[in-house]
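Contents: one structure, followed by commentary.
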Amino acid sequence: MISATETTTPIIEVNHVATKFGQAVVHEDVSLSIRRGEIFAIAGGNGSGKTTLLREIIGLITPSAGTIRLFGIDSRRLEAEDGRPIHRRFGVMFQHGALFSSFTLAENVAVPLREHTTLSAGLIRDIVAAKIAMVGLPPDSAAKYPNELSGGMRRRAALARAIVMDPELLFLDEPTAGLDPIIAAGFDDLVLSLKGLLGLTVVMVTHDLDSLWRIANRVAVLGRGKVLGVGTMQELFRSDDPVIREYFQGPRGRAASGQAAWNHERREA
Amino acid sequence: MEQATISVVDNVIHCRGSWTLPHLSKLERGGRALRWPDSPTVLYDAGEVTAMDTGGALILQRCIDGVRRKGQQTALQGLKPEFTELLRKVETQWSRPERGVSVRGAGWMAGLTRAVQSRHVSAIRALAFVGESTIAFGRAVTRPRSIRWRSLLRIVELDGVRALPITGLLTFLVGVVIAYQGAEQLRKFGTNIFIVDLVGISLLREIAPLIVAILIAGRSGSAYAAEIGTMKVTEELDAVRTLGISPMNLLVLPRALALVIALPLLTVYADVVGVFGGMLIALGELNVSFVEFIARFEEAVPVRHFLIGLGKAPFFAAIIALVGCYQGFQIRGGVDDVGRHTTISVVQGIFLVIVFDAICSILLNWWDL
Chain U
36 MISATETTTP IIEVNHVATK FGQAVVHEDV SLSIRRGEIF AIAGGNGSGK
86 TTLLREIIGL ITPSAGTIRL FGIDSRRLEA EDGRPIHRRF GVMFQHGALF
136 SSFTLAENVA VPLREHTTLS AGLIRDIVAA KIAMVGLPPD SAAKYPNELS
186 GGMRRRAALA RAIVMDPELL FLDEPTAGLD PIIAAGFDDL VLSLKGLLGL
236 TVVMVTHDLD SLWRIANRVA VLGRGKVLGV GTMQELFRSD DPVIREYFQG
286 PRGRAASGQA AWNHERREA
Chain V
4 MEQATISVVD NVIHCRGSWT LPHLSKLERG GRALRWPDSP TVLYDAGEVT
54 AMDTGGALIL QRCIDGVRRK GQQTALQGLK PEFTELLRKV ETQWSRPERG
104 VSVRGAGWMA GLTRAVQSRH VSAIRALAFV GESTIAFGRA VTRPRSIRWR
154 SLLRIVELDG VRALPITGLL TFLVGVVIAY QGAEQLRKFG TNIFIVDLVG
204 ISLLREIAPL IVAILIAGRS GSAYAAEIGT MKVTEELDAV RTLGISPMNL
254 LVLPRALALV IALPLLTVYA DVVGVFGGML IALGELNVSF VEFIARFEEA
304 VPVRHFLIGL GKAPFFAAII ALVGCYQGFQ IRGGVDDVGR HTTISVVQGI
354 FLVIVFDAIC SILLNWWDL
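Below, the structure is given as structure tokens:
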């Protein structure tokens, strides 16, 4: 299914992207390349343009300059008619879930299947039930409306909708923000297990230092409109850049790295 | 990418190709048309499955389950290791029959019960709201300093002054229409001058206040519902409450009082513009000059008609404002709830205004006014 060239060329290429909103400059010059099969995290302070970059990659907004290629296709073409098939190949989980409030959870998860496939109602129901179970939601939550779900459940429901088409690429916008530490760690595990099971490439925007240490293969740190550094957490932890040092070696960064080291030792033992 | 196929050769079920979403609907149909082997053991050969996603695994699992239900043994061979984990999960965790998810709601009995319950609850809530706002109004009247005059005046401007062009245009046109229709009949009897009675009484007493109220219900009642509802969705209302401010005082009272002030003023304006529209047609169609018209107006249209029309306006205003605000507070869920309650606020506002107007007509007729 995956040819040899597809595995070597990056799944996402961001080339010299600049973004301006009126006078405000969000990105001066951002370049990234994301490989197939990795969990790639975009980190950075508030207002460093992480979510903006994510929205540019998935074609919701157009950068002022530069190009972004998603599966080798210019992301500006995503909204055009010939870009539609690309939408089946990636799923997006928005920060607040963005579930349709007039649909039940099961109907929400079923939307992409109903729109993009001609499967029988029975099979759609089965796939939806499987995905709801896959993200760890109880079966009786399927008939509930989004406003009857807790924040953590809504997050999981949004994830179920994002993976219902078995996409190759999954985008997560702040997946663990606002979740309690236990549920957040559970969410990290969930992302890891789904990645293994469905062969996903995951791109996530996050502030969560614990999940950066636990699940990210590579991390890009945005700041001052640029990419300040890209690499594994160990590499970034040793970086000389003052902003990256501040970010990862501040009190919270140290605590998260200590926790990660402790987890690592425990696993070794 | 190659098609997904399923076929039977010598009691062996061969699965081939890419068992992924784009190919599944064909695969489903192919599977249904298949003649299943009836040997005691059925072998599945999945060696040539090149790709498989959750949907594909579910279909394979369904086939296996179907054969098992008929009492036959099944064996699976050749499935690539990267797909076995998915199939195993599908089999053990995700497709137990009792896990079947019903997308449909409950039966009609449950629906009826819910409808009755919710009507009952909302009737009580509406009554409570009317009570609360009456108390708030009473308090505001005894302590006028507690009224938020700044926001009240802003609302008078937004919902009164800015509504002048549209109410003027509309009542002018209604005056023209009434005069035209009347002119036709009056000319037949040679009683041209009675156009003044027709236009004056109908506009002043009934039509101008009603037109203004209906317009304001659509223009402001809906806005109140949407504003308050959005504040509720974004938790602004909760913030107001925790800051120790009564939403009644902050939101409802200024809106209700502002409309109670603005609507009578708009009605007077509408009276003038509507009668002017009638005058123009009277001149053009029936040769009744402005001077004749006004002279006749003084004797034919007693001032009580004007006062009755004007007197109804504050009540219309209170109805519209309270219905709009009440519907705003009723919004619970998300975005679609805002739209629904905004619509309800307009429909209910206009409905209650007309019902109130009808009751007034009956009562006034009784008292010979």
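These protein sequence lines map, in sequence, to chains U and V. In this text, residue positions in the first sequence follow the numbering used here: the first is 36, and each later residue adds one. In this text, residue positions in the second sequence follow the numbering used here: the first is 4, and each later residue adds one. Glycine residues also receive a C-beta, built at the ideal position from the N, C-alpha and C atoms.
**OP:** Give, in chain order, every residue of the region 222-256 of chain U whose Cβ lies closer than 9 Å to some Cβ of chain V.
**Re:** G231, L232, L233, G234
Original post:
For G186 (chain U), which residues from the same chain have a beta carbon less than 8 Å from its beta carbon, with the 5 sequence-adjacent residues on both sides left out?
Top reply: G213, L214
Original post:
What's the call for P305 (chain V), buried or exposed, on a 16-neighbour Cβ count within 10 Å?
Top reply: exposed
**OP:** Closer than 9 Å by beta-carbon distance: list the chain V residues that pair up with S185 (chain U), in chain order.
**Re:** Neighbours of S185 (chain U) on chain V: none; closest Cβ ~15 Å, over 9 Å.
Original post:
Got a sec? Which residues, its chain only, sit under 6 Å from F309 (chain V) by beta carbon, not counting five neighbours each side?
Top reply: L207
**OP:** Could you check the C-alpha separation between I250 (chain U) and L30 (chain V) for me, to the nearest Å?
**Re:** The straight-line gap from Cα to Cα measures roughly 36 Å.
Original post:
If you count every other CB in all the chains shown that lies within 10 Å of the CB of W111 (chain V), and 16 or more means buried, which is it?
Top reply: exposed
**OP:** Compare the C-beta of L158 (chain U) against all C-beta atoms of chain V and say whether one is closer than 8 Å.
**Re:** At least one chain V Cβ lies under 8 Å of L158 (chain U).
**OP:** Return the chain-ordered list of same chain residues with a C-beta closer than 6 Å to the C-beta of A320 (chain V), the five sequence neighbours on each side being excluded.
**Re:** Correct list, in chain order: L262, V263, L266.
Original post:
What residues of chain U sit near K92 (chain V), judged by a beta carbon separation below 8 Å?
Top reply: M169, L232
Original post:
Roughly how many angstroms separate the alpha carbons of D208 (chain U) and I158 (chain V), rounded to a whole number?
Top reply: 40 Å
Subject >> Inter-residue CB distance, S348 (chain V) and M251 (chain V) (contact presumed, cutoff 8 Å) >> reply: In fact, because the Cβ distance is near 17 Å, the residues do not count as touching under 8 Å.
Original post:
From the DSSP output, which residues share a beta bridge with R253 (chain U)?
Top reply: U:F75
Original post:
DSSP puts H62 (chain U) in a beta bridge; with which residues?
Top reply: U:T54
Subject >> Every unbroken alpha helix (DSSP H) within the region 242-327 of chain V, with a cutoff of 4 residues, ordered by chain >> reply: 256-289, 293-303
Subject >> Where V338 (chain V) meets chain U, residues with beta-carbon distance less than 7 Å >> reply: S136
**OP:** Identify whether I219 (chain V) lies in helix, strand or coil by the three-state DSSP scheme.
**Re:** helix
Original post:
Where in the region 212-259 of chain U do unbroken runs of the beta strand (DSSP E), each at least 3 residues long, occur, reported from the N-terminal end onward?
Top reply: 236-240, 253-258
Original post:
Would you say G232 (chain V) reaches chain U, if we count a Cβ-Cβ gap shorter than 8 Å as a contact?
Top reply: no
Original post:
Taking the C-alpha atoms as reference points, what is the distance between G293 (chain U) and G247 (chain V)?
Top reply: 44 Å
**OP:** Taking D56 (chain V) as the query, report the chain U residues whose CB atoms sit under 8 Å from its CB, ordered along the chain.
**Re:** Here the neighbours are D201, L233.
**OP:** Say whether chain V places a C-beta atom closer than 8 Å to the C-beta of D161 (chain U).
**Re:** yes
Original post:
Among the residues of its own chain, which have a CB less than 7 Å from the CB of P212 (chain V), if the five just before and after it don't count?
Top reply: T270, G312, K315, A316, F319
**OP:** Examine chain V for any beta-carbon lying closer than 8 Å to the beta-carbon of L154 (chain U), and answer yes or no.
**Re:** Interface residue, yes.
Original post:
Any Cβ of chain U within less than 8 Å of the Cβ of L240 (chain V)?
Top reply: no
Original post:
If the cut is a Cβ gap below 8 Å, which residues of chain U does E31 (chain V) touch?
Top reply: L154, S155, L158
**OP:** Spell out whether any CB of chain V is found under 8 Å from the CB atom of A291 (chain U).
**Re:** no
**OP:** Measuring only between beta-carbons, confirm whether L79 (chain V) sits less than 8 Å from chain U.
**Re:** no
**OP:** Decide yes or no for the touch test of the region 214-232 of chain V against the region 169-185 of chain V: beta carbon pairs closer than 8 Å, at least 3 of them.
**Re:** The region 214-232 of chain V makes contact with the region 169-185 of chain V; the number of CB pairs closer than 8 Å reaches 3 or more.
Subject >> Residue from V:I323, V:S249, V:P40 with nearest C-alpha to I67 (chain V) >> reply: V:P40
Original post:
Is the Cβ of E51 (chain V) closer than 8 Å to any Cβ of chain U?
Top reply: Output row for E51 (chain V): interface = no.
Original post:
Under the DSSP definition of a beta bridge, which residues are partnered with I279 (chain U)?
Top reply: Answer by DSSP bridge pairing: none, since I279 (chain U) is not bridged.
Original post:
So, does the CB of A165 (chain U) fall closer than 8 Å to a CB anywhere in chain V?
Top reply: yes
Subject >> Sequence ranges, alpha helix (DSSP H) only - wholly within the region 167-207 of chain U, length at least 4 >> reply: Correct list: 186-197.
Subject >> Residues near A78 (chain V) in its chain [Cβ-Cβ closer than 6 Å; skip 5 each side] >> reply: So the qualifying residues of the chain are L46.
**OP:** Tell me whether Q294 (chain U) sits in a helix, a strand or coil according to DSSP, three-state version.
**Re:** helix
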